[in-house]
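Take a look at the structure below.
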Amino acid sequence: MNESVLALMCVEGIGPRIYKNLIQTFGSAREVFQQDKTTLKRLSFLSGEMAENIAGKKYGDILDLQLKWMEKHHAFYVTQDDKAYPEVLKHIYDAPPVLMCFGNFKKDDQIAFAVVGSRYPDDYGKLMTEHIATGIAKRQISIVSGMAKGIDSIAHQCALKEGSRTIAVLGTSLDRIYPAENRRMFHQICEKGVVCTETLIGQKLAPGNFIRRNRIISGLSRGVIVTQAGTKSGALVTALAANEQNRDVFAVPGDCFKGKHTGCHRLIRLGAKIVEHAEDVLNEYPFLNERLAPQRDWIIDSSAERDLSRQEQDIIALLDKEGVHIDMLIAKSRLTRPELMSALLNLEIKGYIKVRPGDYYVRNI
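Here it is as structure tokens:
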């Protein structure tokens, strides 16, 4: 575990984007803390107040709170440099630099499906969620959701009942179980799966945190299944994030005259695959018949990558859609500059990547 990363995320105002810019500029969180105030204030993406807080180490009390609380409650945190950090999550846009966790991520979690939907489902929504989530759980495939009321809770319960793994991604900190009625489920998931969040201990409830966590739900998943959703359901945000992350989106159709299904119908019009049974999802992935296929077969993207060399696949895995500087790619790929430039040129010709001003490279898939 890299305490410097956690410390940097304890600085008020720093989120995944600013964190990433700092790492691309200085190479590591540890190096960020070696910079003086003047150097930090020159950065266009960093406010003067944030520069003051980093240089003046004004994050100490918050960091101390995180470490003491986790030690007391047997929680832990993982950073993107840790082996325990989910590999599939590293490659999404705005990947969380730190995850606070109970439980443990396991190899089986590399193939998982998110089941999400309305907080207030009708009987049909409940029935379809149980039907699909149970079918997935019976195959001992991990189910990811947000531990909210309604669909999320039903999905987690189905996994627990079948003895399957389940991952709950919270929109709150670990010290605040929300909703309170899910306290028992919270502890069950901690024992048999993972409860995780990017929200720091002690932070107040904030609606924005629930929206931001949706990208983590989809990021941990091979596909997102929306079993029931209205027009304004947060599940649509998760589905949108899934689409941006090159994940598959599935939706359950319902009664056209009921508002509780309008979100799913909208997703279907936009290209989501219709799902009525768990098999409709699982049959999309023939490799599931062999249980867990190599993760890289789908992390980077589609079957089109199979014409790439292992080296080219590894380089694409280092990129995102925001941009990574050439110096960072050299450091992470361990290739010489000529070797890397040759590979990058081939990838650009094939259409897999683009180059931006300043020697930044972005994924084009």
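Numbering (my numbering), first residue to last: 583 to 947.
Note that the Cβ used here is the ideal one computed from N, Cα and C, for glycine as well.
How do the segment 811-818 and the segment 769-781 stand: do at least 3 beta-carbon pairs fall below 8 Å, yes or no?
As far as the Cβ criterion goes, the segment 811-818 does not touch the segment 769-781, which means the pair count is below three.
Please check the pair I723 and L802, which I expect to be a contact at CB under 8 Å, by giving their CB distance rounded to whole angstroms.
Sequence index remark: in the sequence shown, residue 723 carries index 141 (1-based). Sequence index remark: in the sequence shown, residue 802 carries index 220 (1-based). I723 to L802, Cβ: 13 Å. No contact.
On a Cα-Cα basis, can you pick out the residue from H859, S746 and V906 that is closest to I771?
Counting from 1 along the sequence shown, the entry for residue 771 is found at position 189. Minimum Cα distance to I771 is reached at S746.
Pick helix, strand or coil for H907, following the three-state DSSP scheme.
Translated into the one-based positions of the sequence shown, residue 907 becomes position 325. In the structure shown, H907 sits in a strand (DSSP, three-state: E or B).
In whole angstroms, what is the alpha-carbon distance linking G597 and F695?
Within the sequence shown, residue 597 is the residue found at index 15, counting from 1. Within the sequence shown, residue 695 is the residue found at index 113, counting from 1. Whole-angstrom Cα-Cα distance: 26 Å.
At the level of alpha carbons, what is the spacing between E866 and A833?
The residue labelled residue 866 in the question sits at position 284 within the sequence shown. The residue labelled residue 833 in the question sits at position 251 within the sequence shown. Distance between the alpha carbons of E866 and A833: 14 Å.
Which two residues bound the contiguous beta strand (DSSP E) that contains F695?
Translated into positions along the sequence shown, residue 695 becomes position 113. Taken as a continuous stretch (DSSP letters only), the beta strand (DSSP E) holding F695 covers A694 to G699.
Taking Cβ positions, are G728 and V751 nearer each other than 8 Å?
On the sequence shown, residue 728 is found 146 positions in, with the first residue counted as 1. On the sequence shown, residue 751 is found 169 positions in, with the first residue counted as 1. For G728 and V751, yes; Cβs fall inside 8 Å.
How many Å lie between Q895 and K914 at the Cα?
In the sequence shown, the residue the question calls residue 895 occupies position 313. In the sequence shown, the residue the question calls residue 914 occupies position 332. Approximately 13 Å between the Cα atoms of the pair.
Compare the Cα-Cα distances from E631 to each of I931, D734, E594 and Y702 and report the closest residue.
Along the sequence shown, one-based indexing puts residue 631 at 49. Taking only the C-alpha atoms, the option nearest E631 is E594.
How do the segment 704-720 and the segment 834-851 stand: do at least 3 beta-carbon pairs fall below 8 Å, yes or no?
Counting Cβ pairs under 8 Å, three or more are found: they touch.
Identify every residue that forms a DSSP beta bridge with K855.
Here residue 855 refers to the residue found at position 273 when the sequence shown is read from its first residue. F832.
Rounding to the nearest angstrom, what Cα-Cα distance links T620 and L604 in this structure?
Here residue 620 is taken as the residue at index 38 of the sequence shown, counted from 1. Here residue 604 is taken as the residue at index 22 of the sequence shown, counted from 1. C-alpha separation (whole angstroms): 15 Å.
Could you tell me which residues DSSP pairs with G805 in its beta bridges?
As a first step, residue 805 must be located in the sequence shown, where it is residue number 223. Answer is F695 and D830, bridged to G805.
Ignoring anything shorter than 4 residues or poking outside the segment 697-765, list the alpha helix (DSSP H) runs there in chain order.
Qualifying alpha helix (DSSP H) stretches, in chain order: 705-720 and 733-743.
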